[in-house]
Each structure stands twice: as structure tokens, then as C-alpha cells.
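Heads up, the thing below is written out as C-alpha cells.
Protein chains: 2
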Amino acid sequence: MAQHIVIIGAVALGPKAACRFKRLEPESKVTMIDQVRMISYGGCGIPYFLSGDVSDPAQLQATSFNMLRDEKFFEKAKYVRVLTGVKALSIDRENRSVLVRDLETGGEKTLPYDKLVIATGSIPNRLSVSGAELPGIFTVSNMKDAIDIRERIAGGKVEKAVIIGAGAIGLEVAEALADLWGIETSVVEIRDQILPGIVSPIMAGMAQHHMEENGISFHLSERVQEIMGRDRVSGVVTNRRTIDADLVIMAAGVRPNSQLAAAAGLEISPRGGIVVNEKMQTSDPLIYAGGDSVEVQNLVTGRPAYYPLGSMANRQGRVIGTNLAGGNARFEGAVGSFIIKLFDISVASAGLCLASAEQEGFQAVSGFMAQLDHAHFYPEKDIMYLEMVVEKESGRVLGIQGLGNRGEGMMARVSAVATTMKYRPTVVDISNMEVPYSPPFSSAMDALNALGNTMENILDGKNRVMDANQFAEWWENRMDGKTFFLDCRGWGNAEPFVKKFPDHWKSVPQDELLDRIHEVPRDKRIVLICNTGVRSYEAQIFLDHVGIRNTYNLQGGMAAVKKWGLDL
Amino acid sequence: MAQHIVIIGAVALGPKAACRFKRLEPESKVTMIDQVRMISYGGCGIPYFLSGDVSDPAQLQATSFNMLRDEKFFEKAKYVRVLTGVKALSIDRENRSVLVRDLETGGEKTLPYDKLVIATGSIPNRLSVSGAELPGIFTVSNMKDAIDIRERIAGGKVEKAVIIGAGAIGLEVAEALADLWGIETSVVEIRDQILPGIVSPIMAGMAQHHMEENGISFHLSERVQEIMGRDRVSGVVTNRRTIDADLVIMAAGVRPNSQLAAAAGLEISPRGGIVVNEKMQTSDPLIYAGGDSVEVQNLVTGRPAYYPLGSMANRQGRVIGTNLAGGNARFEGAVGSFIIKLFDISVASAGLCLASAEQEGFQAVSGFMAQLDHAHFYPEKDIMYLEMVVEKESGRVLGIQGLGNRGEGMMARVSAVATTMKYRPTVVDISNMEVPYSPPFSSAMDALNALGNTMENILDGKNRVMDANQFAEWWENRMDGKTFFLDCRGWGNAEPFVKKFPDHWKSVPQDELLDRIHEVPRDKRIVLICNTGVRSYEAQIFLDHVGIRNTYNLQGGMAAVKKWGLDL
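So the sequences go chain by chain: Y and B.
Add 314 to a position in the first sequence, counting from 1, and you land on the number used in the numbering used here.
Add 314 to a position in the second sequence, counting from 1, and you land on the number used in the numbering used here.
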């Protein structure tokens with residue numbers, strides 16, 4: 315029997331659900347409404363519109379074959395009726411109808427439905443500090459703001475910008491402003507690292523250092539206390555400083571837009587997300603919801619989690635479309651796969667970083683590794699940094715993070731692990747993971763396998779590591795005489811350091827350790843150093859064998875230390 | 315108790331097993347022998363040495379930190395004794411010893427072992443045709459031949475080369491010869507496609523077309539009958555033609571080098587591979603084997619398979635090293651992940667292609683798809699072609715293949731599926747696969763998800779497809795009037811074809827179908843055409859809805875047809 319489906323919200327999830335449903339049930343009717351006129355655009359493209367990479371807003375609203383996804387498109391190509399400029403006021407579940415208002419005419423009417431889809435998305439968090447409503451302060455959550463921002467920039471009205479929040483959106487926007495427009499850009503973050511909750515402090519430090527080299531300033535562990543200005547914004551005051559600004563972007567995260575659902579008595583999570591089952595049904599089985607307005611299961615923790623991502627919305631939209639047509643599609647949950655391009659690097663992750671894992675109650679440990687992405691003899695190659703978080707007892711993989719060049723090699727490694735995570739792999743599965751190999755793409759023992767191997771050795775207590783941060787601290791305090799810095803590389807690599815720091819930097823190449831073991835003290839802690847942490851691990855094994863066990867392998871080696879920003 | 319391990323073969327697997335073992339049991343002794351002097355080199359790098367990308371053979375033998383992996387290196391850095399120029403003649407399992415001969419002095423001696431590792435690798439297949447022993451005919455299975463070939467090339471002695479075999483090695487070598495050295499290069503292949511057993515005929519045709527555009531000639535379905543020449547090779551005679559050649563490369567596959575193991579009474583498979591269990595133990599538990607000399611389980615079919623790949627050898631070597639030290643490491647098997655760079659494209663696969671699946675007894679079906687690799691609004695993007703093979707009844711994923719640009723995007727997609735295959739995913743798992751998303755790397759509905767969706771629709775009978783080959787045939791026979799070619803794209807895309815073929819190419823954009831349905835005949839089979847197969851699928855759904863069901867959706871659209879080499 316033909317149905318009438320009403321969909322509230324016409325970006326990402328809504329259109330996907332509508333179109334899938336209509337392909338399965340052409341005889342049924344769909345009405346999709348949205349408050350705004352510009353619908354079905356790629357919101358994830360906003361930073362690229364700001365940067366100028368995307369020249370016209372219409373590109374974000376186009377299909378891949380350059381048709382504008384407007385009302386007419388949905389009517390003619392998708393057989394879906396769309397009402398724009400129409401706001402849903404309330405849901406009458408008993409009578410199965412939605413009360414809507416035409417925002418232009420003010421006219422109200424009820425739309426009856428057989429099934430309803432709530433695709434109301436998210437609301438950007440705005441700081442509630444003095445001055446937060448001044449002109450010149452924006453979020454990047456909708457096209458209207460994006461167009462306003464770009465007009466201001468293109469009009470030459472922006473010289474200094476402050477981004478509040480060093481999450482993905484904040485960093486993408488920072489790059490957009492600084493790179494193409496040359497705007498003096500600062501990022502203020504309340505936490506003590508960028509990309510908090512996504513990568514480790516070390517990896518965050520590496521990414522931050524790269525962005526600083528590209529002209530972005532960062533102010534971490536700082537709280538915005540006030541936004542200054544008269545007619546419009548002129549600066550941002552934190553607990554430590556005042557930063558001049560003629561543009562402020564609030565990128566302090568988003569929260570589910572679930573008011574309509576809540577008012578209709580649907581179940582809402584403590585965090586404010588609409589509660590749905592695997593079929594994406596709310597507590598009312600005739601009402602579906604998805605995208606930025608819901609929570610889904612985190613497949614690592616088994617607990618609800620919030621993933622406001624366009625990719626989730628699209629996949630969930632298809633699940634809803636299938637189920638509206640009587641299907642039995644499931645959205646199992648997610649591991650939170652993530653990737654971002656920051657100037658010339660990429661940072662990616664899936665699952666939990668160490669801090670998140672600990673917060674979730676796991677007894678977790680992490681390992682960090684540097685290796686070339688391609689065969690070492692292949693001319694084109696780069697060092698890739700990978701980190702893995704595992705549960706101590708079981709060796710279960712809880713997360714992977716990586717930083718590499720801006721190509722797709724990092725995506726390949728993180729994808730390889732991300733897609734297996736719902737099967738609960740252990741470290742051994744990573745050691746033997748079968749990514750395709752040939753010299754232009756990977757190594758015979760790929761970085762991913764090496765990461766697994768490293769982690770196995772850490773869990774076995776054979777590889778006892780330290781990170782760049784710890785190294786920096788001990789190095790700074792080197793005059794205390796407690797630490798012996800042992801460079802295990804060939805003389806060519808060690809020489810400049812030995813010459814610069816003759817009293818503190820010792821060179822014994824790993825392959826000469828047996829003959830020169832008397833040069834290694836037995837009464838100090840020893841930091842073992844090489845380029846990436848491999849030879850220093852060999853050295854550690856050998857020193858263990860001869861009874862020198864107070865050793866620390868600098869994981870990621872000098873490559874990681876340098877990338878992190880410490881230049882000895 | 316300290317052990318003495320003997321390892322026969324010092325390339326890839328042998329060194330890996332030796333070093334891992336020594337890290338776990340420093341107090342034990344390892345003796346590794348090899349017939350040749352140059353050991354522990356990256357054999358997969360030979361094509362890149364031939365091309366000149368790798369300038370010196372030593373680079374293939376170096377570590378990533380530029381130390382030469384020779385006898386001295388293994389002694390000093392790895393504490394492993396290596397004997398080169400020493401051949402293993404026989405294994406005395408009862409007395410646990412290996413009889414070896416010094417190939418220089420002729421002296422023989424026995425090496426006692428506690429445990430033995432056979433890492434004898436593979437033997438390249440050589441055609442047994444007249445002339446096959448002429449000078450100027452090479453395989454690319456060892457550095458000696460590789461150096462000889464490159465010396466001939468660099469000396470200007472090679473103008474025309476014939477490669478026998480269009481597998482991975484053959485194609486890599488063809489590119490190496492043609493690209494940098496400008497040698498007129500032909501590839502002869504006995505099967506009717508390149509990369510047989512790896513990708514479908516359509517994808518093979520696309521790769522072949524790309525290589526032809528780069529100057530390589532192909533002669534498929536041709537059998538080499540004779541190699542001509544007096545003092546040295548001058549040509550290759552097939553059942554169809556004679557091709558001039560001053561260099562011939564036999565790249566007709568390899569087989570396990572298992573003679574020594576067989577002579578010692580170890581179990582050998584019908585194909586000639588040494589039989590090992592998951593611990594990589596042969597039928598004698600004191601003897602391990604791995605790499606190119608063994609068979610392992612194909613995780614898709616559950617049957618033994620042969621994977622002569624450096625990546626397998628390395629991972630298996632580590633498993634053996636662990637087990638030699640009393641560990642319990644397992645090598646479960648493999649799905650045969652594969653990737654190759656061919657000029658400006660990459661071709662990758664994992665699991666079974668359709669032909670292999672059918673050969674293995676599966677009731678299989680495949681689906682083919684074209685989509686942009688990145689968000690369509692992101693400036694840098696390319697069309698990516700993906701194919702999936704599934705079991706009809708269960709929807710179980712049996713294989714994935716892909717062709718894209720030379721970046722790592724294809725590796726990302728194939729890795730994402732490859733690593734899950736041992737968990738037996740179904741099409742639904744691909745539809746909802748969680749690869750990291752942001753516009754510079756992927757799409758909100760990534761190509762991989764779209765592939766899963768396409769496959770679901772094919773299995774459901776909603777998407778009824780045809781491939782480029784079928785299209786070409788019907789197009790060639792268009793004068794028979796049986797087929798109606800319906801271009802569902804916008805007029806701008808369709809116009810040049812309509813003007814060129816006014817009697818046979820009809821344009822009705824998908825979004826005008828409802829109004830112009832009378833232009834679509836009900837008495838002909840209808841080929842639905844768009845750029846990539848998406849709008850034509852929409853058209854198919856609509857035509858079904860109005861009762862026109864004799865339709866064929868051209869999968870991959872005009873993009874695939876063109877890439878395949880058909881230029882209308």
C-alpha cells in the first residue's frame with residue numbers, strides 16, 4: 315500500500331533516506347521540508363568553500379554530474395516533494411502529523427504521515443561569554459554563515475582571525491584562512507592539545523608543529539573569557555592574553571538538535587541525542603531519526619556515542635530509506651573513523667586514543683612507531699607515524715592513529731584497521747594484517763604490520779619505550795647527570811650531535827655494541843636513540859642480554875622528535 | 315637451553331626468521347646459508363632497478379637506514395652467522411643435520427641443527443620451446459640476471475623487447491623497459507587478458523588500454539612456439555606472428571623450490587609446495603618452511619593456495635622466528651591482497667575475481683562501479699573503478715578489485731575490504747563500511763559504500779547491468795535495430811553523440827523521463843547510459859515502475875567504456 319513519508323530536514327540524511335525509499339517504493343509519496351532555502355549541500359565542504367578551493371556555493375549543492383540539488387531536482391529526478399522555508403513546529407504522534415509553518419507567509423498547516431523521519435541535524439555550540447553576540451562572530455555550521463564569512467574575507471575586511479576550538483572543523487578553517495587568504499590566524503583551545511580525544515598529545519604536537527610552520531598560532535589550555543568589540547568584534551580575551559581579531563569563528567563542537575523530538579516525547583539520551591535502535595527507529599517505531607541528531611553505538615566501547623559526520627548521515631539515511639520501505643537494514647554502530655588534511659600532512663584515527671580509552675575504563679597501553687610508507691628503495695617515500703592503543707591484558711585493539719603526508723597512504727592504514735574493529739581484532743591480527751604490497755605503495759613488512767609487531771614487543775615487555783615529550787624533559791635536565799643518551803645510529807648520523815654536545819651525546823652504533831660495551835654505563839638510565847626506533851630496539855635487546863636493563867627506547871626515534879618540533 | 319638453528323636461504327623469509335629468533339633467544343645460535351653471495355635483497359624491487367628508479371643493486375640490499383645487509387651486517391648487527399656461496403645438498407632428518415657444499419672450494423660438511431628452516435624460495439617457470447636457452451633470454455628472479463639485463467640496456471644493446479607473461483612481474487618489467495629506456499616492448503600472454511586470475515576482463519582491458527596508450531603492445535591468446543636466434547635471441551614466434559626482439563623476459567610465473575624438502579621426505583602438495591601448518595611447521599615438527607616454497611590457506615576458499623610474495627615471506631618469517639623460540643605464533647592464511655602501479659594508474663585486488671570464484675565452485679556474481687575518489691566538490695579528484703565478487707545466495711564477499719589513479723586511494727579501498735575478508739563479510743558490511751571521511755580523501759558516501767550499495771541492488775534484481783564489452787557488441791550491431799541506446803544524461807553530455815549518431819543515440823535526461831516517456835519504445839531492449847551508471851540506474855527504476863523492464867544499465871557508464879578503450 316502506498317505510504318506518505320514526511321522528512322524533517324533536507325541535508326545529507328534526509329535526502330538520502332528520501333531517494334532510497336523512492337527507489338524502493340516508487341508508488342509512495344515523500345514530502346521533505348527544511349527551514350532554509352538551500353538544501354542538500356555538502357556541509358563538510360564549507361572549509362573548502364572558505365579557502366576558495368570550492369569557488370561557488372552551488373558546487374556544494376551540486377551532484378557529481380553538476381545538477382543543482384534544489385526543489386526542482388528532487389521533484390523531477392527523484393520524485394520527492396520538497397518544501398523549503400518551512401519549519402516543523404511540533405509532531406502529533408497520536409494523529410500522525412507534523413504541524414509546519416511557512417516562514418515567509420507565516421501560514422501553518424499539518425502534514426499527515428504514515429512514517430516520519432527526523433533529520434534535524436546539530437546545533438553548533440556557542441560560548442556564553444560577554445560579547446558572544448557581536449557581529450563578526452560566526453560558526454561554520456551553515457551555508458549562510460559561510461557565504462557571509464567569505465564575502466568579508468574576499469572584501470579585504472579580515473586581517474586577523476581567531477578560531478575558538480582546535481577540533482577538526484577549527485583546524486580546517488584555520489588552514490583555509492591562513493593558507494589562501496594570508497590571514498593572521500590564531501587558534502584558542504581550552505584543552506592542552508589540538509584534536510583532543512582524537513590523537514595522543516605527541517601526535518597532536520606533531521600536527522600542531524606542522525601548522526605552526528605554516529603560520530598558524532596556537533594558544534592551548536586557554537579559556538575564552540570575553541569577546542571584545544563595539545559595533546563588531548575586535549578581539550578575544552583569554553585567561554592569559556588578548557588577541558586582536560576582526561573575525562572570530564566558534565568551532566567549539568556541535569550538539570544534537572533534538573528539541574522537536576524531545577517535545578514529542580521521544581526518548582532522548584543524557585547527552586541530548588535522539589535514542590534510536592539499529593534500524594534507526596526512535597522510541598516511536600513509526601518515527602526514524604539519524605545523522606547529527608542521534609547517538610549510535612560505539613563499536614569499541616559498546617556504549618552510545620555521538621558522531622556528527624556527513625558520512626554517518628549518508629549511510630544511516632540509506633538504512634532508513636530501506637526500512638521505510640519495509641526492509642530490515644541495520645546500522646550497527648561506528649568506530650569513529652576520522653581523517654583530516656592539514657596543509658601537507660594528514661592525520662587519521664579510528665577507535666579510541668589512549669586518553670579516551672582510559673576515560674572509558676580500559677586498562678590500556680599505546681605504542682608509537684615511525685616507518686617509511688613505501689619500500690625503502692623506492693624513490694618516492696615518506697615517513698609515516700602510527701600509534702596503536704590496546705587493552706593490556708587481552709591485547710585487543712582499541713584504536714589506531716596516524717600522521718603522514720597528504721596522500722592517501724594514511725587513509726589506507728587507518729581504513730585497514732578501522733573496518734576490522736567491529737570484529738575485535740588483537741595485536742596479532744595487526745602484525746599479520748594483509749594490506750596489498752608492492753614497492754610504490756607499501757613495504758614488504760608494511761608500517762601497519764610493524765606497528766603490530768612493535769605493540770607485541772611492548773606488551774611482552776621487550777620493547778620498553780619513552781616518547782618525545784619524556785625525551786625532551788630528560789634532555790632539558792641533562793646536566794643532572796642521571797641520563798645517558800646513547801645514539802645507536804652509524805657515526806654519520808651521530809656525529810653532528812656528538813660534536814655539538816660532546817659531554818652528553820654518546821655514539822655507539824648498534825652493530826658495535828658488542829665490542830664497545832664497556833662504554834655503556836651500568837649506573838645510569840640510558841636513552842637509546844636512532845632514526846625511527848628500530849635500531850635502538852635492537853640495542854635494547856642486546857643490552858638486556860648483557861644485563862643492562864635500565865634502558866628506554868625512544869619510540870619514533872629522532873624522526874618523531876624532530877617532527878614534534880624539538881630541534882636539538 | 316641454547317639451540318642451534320640452521321636456515322637454508324637468506325632472502326626475505328630466512329633473514330626475518332633469523333633476526334626475530336635472535337631477538338627472542340640471544341643466547342642461541344643461528345647459521346644461515348645461501349648459494350649466492352648477494353643475500354637479503356628486496357626481490358620485488360627488481361623491476362624498479364631495471365627501470366633505473368633504483369640506481370644501484372646495493373640499494374635493494376640495504377636497510378632503510380642504508381646499511382648493507384651482507385654477512386658482516388648479520389654478524390655484527392644481528393648476531394647471525396651467514397655462509398654465502400654454500401649450497402644445501404641434503405637434509406638428514408634422523409641425525410638433524412644438513413649436508414652443505416662450498417661452491418667455491420667444493421668442500422662439503424654437515425651442519426647439525428636443533429631446528430631447521432627451509433627458505434628456498436621459488437623457481438621461475440621457463441618455457442620449454444626451441445631456442446629457450448639462447449643468450450638474451452632472462453627471468454627476473456634474481457639480482458644476477460637483473461644486473462645483466464640492465465647492463466645490456468644501459469649499453470644501448472636493446473631496442474626491442476618481448477615479455478612473455480602478462481602477470482604482475484611481466485607488466486612491471488614492461489613498464490620499466492618502455493618508460494625510461496624507450497624500448498619497443500611487446501607482451502605476449504597465452505590467456506585472453508592481462509592479469510589473468512586477478513581482475514575481470516573489463517578491468518584488465520582498462521589497464522591494458524592504459525599501457526597501450528603508454529606505448530606497450532599486447533598479444534593476447536597467443537602461445538610462444540619458438541624463440542629465434544643464432545648466437546643470441548633475435549625474435550619470438552607465436553602461433554600468430556613473429557616479433558623481433560633482442561631481449562626476451564620470461565615472466566611466466568614461478569613454482570615452489572621444494573626439491574630439497576621433497577628429497578628429505580617432507581610432505582609436498584600436488585602443486586609442489588611444501589605443506590605447513592599454521593605454525594609454519596612442515597610434516598617434521600623440527601623443520602619450518604615459509605615464503606615462496608610453501609602453500610598456505612586461502613582464507614576465502616579454505617583451500618591451499620600459492621602466494622609467492624615478499625610480504626607473505628616477511629610475515630611468515632616472523633611467525634617462524636617466534637615459534638623457533640618456543641612461541642605459539644600462527645599464520646592463518648591469506649586472501650591474496652595485490653596492488654600494482656602501471657604508469658599513471660594502480661590496479662589492486664583481494665580475494666577472488668569472478669573467473670576464479672567460478673573455478674573454485676562458487677555461484678558468484680560481480681558488480682562494477684565508477685565513482686569519484688574524493689568529494690565531488692573537492693578540486694583534486696579522479697574516477698575510481700571498483701568491482702566486487704559475491705556469492706549469490708549468501709551475499710558473502712569473495713573478492714574486490716579496483717583501478718584508479720597512481721595514488722594510494724585504491725590501496726585504501728582494497729585494504730579496507732581485504733583485512734576484513736577473514737571475518738567473512740557480506741555485501742551489507744561493505745555498504746556500511748566505515749572508511750575515514752573528509753573531502754580531500756573520500757566521499758560522504760564513499761566509493762566503497764557505493765560499491766556495496768550497487769551490489770545489493772544487483773543481488774535484489776533492481777539494478778540489471780551490462781558491461782562495456784556487451785555494450786561494444788550491441789553498439790557494433792546497432793544496425794540490427796534490436797537495441798535502443800538511451801542517454802540519460804543532461805543534453806550537454808548527450809548532444810555530441812546524438813549529433814554523431816542521430817539514428818541510434820537517443821537523449822532523454824533522467825529528470826525528463828516522466829514527461830517524455832512516450833519517446834521510449836516498449837518493443838526493444840534498452841541500454842541505459844550515463845557517465846558512471848548512477849543516473850541510468852535511476853532511469854531503470856523509473857522505467858520498471860512504468861512497466862518497461864527490458865532495460866540494461868551500463869555499469870561504470872561512459873567513463874568505464876572510454877577507459878576500456880572504446881571511443882565512440
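Each residue gets a CB set at the ideal place from its N, CA and C atoms; glycine is no exception.
All values reported here derive from a predicted model rather than from experimental measurement.
is_contact[residue i, chain B] using C-beta, thresh 8 Å
| i | result |
| --- | --- |
| Arg337 (chain Y) | yes |
| His524 (chain Y) | no |
| Lys390 (chain Y) | yes |
| Glu707 (chain Y) | no |
| Arg629 (chain Y) | yes |
| Met564 (chain Y) | no |
| Ser729 (chain Y) | yes |
| Met725 (chain Y) | yes |
| Asn746 (chain Y) | yes |
Helix, strand or coil at residue i [DSSP, three-state]
| i | result |
| --- | --- |
| Ala446 (chain B) | coil |
| Trp495 (chain Y) | coil |
| Met698 (chain B) | strand |
| Ala482 (chain Y) | helix |
| Gln630 (chain B) | helix |
| Leu574 (chain B) | helix |
| Val741 (chain Y) | helix |
| Glu865 (chain Y) | The amino acid at residue 865 (chain Y) is misidentified as Glu; the sequence shows Thr. Strand. |
Any chain Y beta carbon closer than 8 Å to residue i
| i | result |
| --- | --- |
| Leu374 (chain B) | yes |
| Ile634 (chain B) | no |
| Pro340 (chain B) | yes |
| Arg803 (chain B) | yes |
| Val368 (chain B) | yes |
| Asp825 (chain B) | yes |
| Thr734 (chain B) | yes |
| His859 (chain B) | yes |
| Ser378 (chain B) | yes |
| Pro693 (chain B) | yes |
| Phe645 (chain B) | yes |
Closer than 8 Å at the beta carbon, the chain B residues around residue i
| i | result |
| --- | --- |
| Asp760 (chain Y) | Ser625 |
Partner residues on chain Y for residue i, Cβ-Cβ distance less than 7 Å
| i | result |
| --- | --- |
| His832 (chain B) | Residues of chain Y passing the Cβ test: none, with the nearest at roughly 17 Å. |
| Gly519 (chain B) | By Cβ distance, chain Y contributes nothing, its closest Cβ being about 21 Å from Gly519 (chain B), past 7 Å. |
| Gly469 (chain B) | Those within 7 Å of Gly469 (chain B) in chain Y number zero; the least Cβ separation is about 23 Å. |
Residue from the options whose Cα sits closest to the Cα of residue i
| i | options | result |
| --- | --- | --- |
| Ser535 (chain Y) | Y:Ile478, Y:Ala492, Y:Leu485 and Y:Ser583 | Y:Ile478 |
| Phe691 (chain B) | B:Arg778, B:Ala758 and B:Ser607 | B:Ala758 |
| Ser607 (chain Y) | Y:Val614, Y:Tyr621, Y:Ser597 and Y:Arg617 | Y:Tyr621 |
| Arg738 (chain B) | B:Asn783, B:Phe755, B:Ala726 and B:Gly709 | B:Gly709 |
| Arg863 (chain Y) | Y:Cys844, Y:Phe785, Y:Lys838 and Y:Gly871 | Y:Lys838 |
| Leu666 (chain B) | B:Ile714, B:Thr424, B:Gln373 and B:Glu722 | B:Ile714 |
| Phe682 (chain B) | B:Ala671, B:Leu700, B:Asp696 and B:Leu668 | B:Leu700 |
| Glu722 (chain Y) | B:Met702, B:Ile744, B:Tyr751 and B:Val742 | B:Tyr751 |
| Leu491 (chain Y) | Y:Ile516, Y:Val454 and Y:Leu580 | Y:Val454 |
Any non-hydrogen atom of the ligand FMN closer than 7 Å to residue i Cβ
| i | result |
| --- | --- |
| Lys336 (chain B) | Because no ligand of any kind appears in the structure shown, any question about the ligand FMN cannot be addressed here. |
Chain-ordered neighbours of residue i on chain Y, where CB pairs are closer than 8 Å
| i | result |
| --- | --- |
| Cys358 (chain B) | Ala689, Tyr751, Ser752, Pro753 and Ala758 |
Residue i: contacting residues in chain B (beta-carbon distance under 7 Å)
| i | result |
| --- | --- |
| Phe652 (chain Y) | Pro750 |
Amino acids of chain B, ordered along the chain, whose beta-carbon sits closer than 9 Å to that of residue i
| i | result |
| --- | --- |
| Gly721 (chain Y) | Gly721, Glu722 and Gly723 |
Inset, instruction - Taking only runs that begin and end inside the segment 666-692 of chain B, name each unbroken beta strand (DSSP E) of 3 or more residues, in chain order. - result: You should have 678-686.
Inset, instruction - Mind listing, in chain order, the continuous alpha helix (DSSP H) runs of no fewer than 4 residues lying wholly within the segment 378-411 of chain B? - result: 385-392
Inset, instruction - Note down, one range per segment and in chain order, each alpha helix (DSSP H) of at least 4 residues found wholly within the segment 713-737 of chain Y. - result: Within the segment 713-737 of chain Y, the runs of alpha helix (DSSP H) at least 4 residues long that lie entirely inside it are, in chain order, 723-732.
Legend entry - Complete runs of the beta strand (DSSP E) confined to the segment 348-377 of chain Y [at least 3 residues]: none
Legend entry - Start-end ranges of the beta strand (DSSP E) lying completely within the segment 418-443 of chain B, minimum 3 residues: Uninterrupted beta strand (DSSP E) stretches at least 3 residues long and entirely within the segment 418-443 of chain B occur at 422-426, 429-432 and 436-438, given in chain order.
Legend entry - Complete beta strand (DSSP E) runs within the segment 629-663 of chain B (minimum length 3 residues, chain order): 652-656
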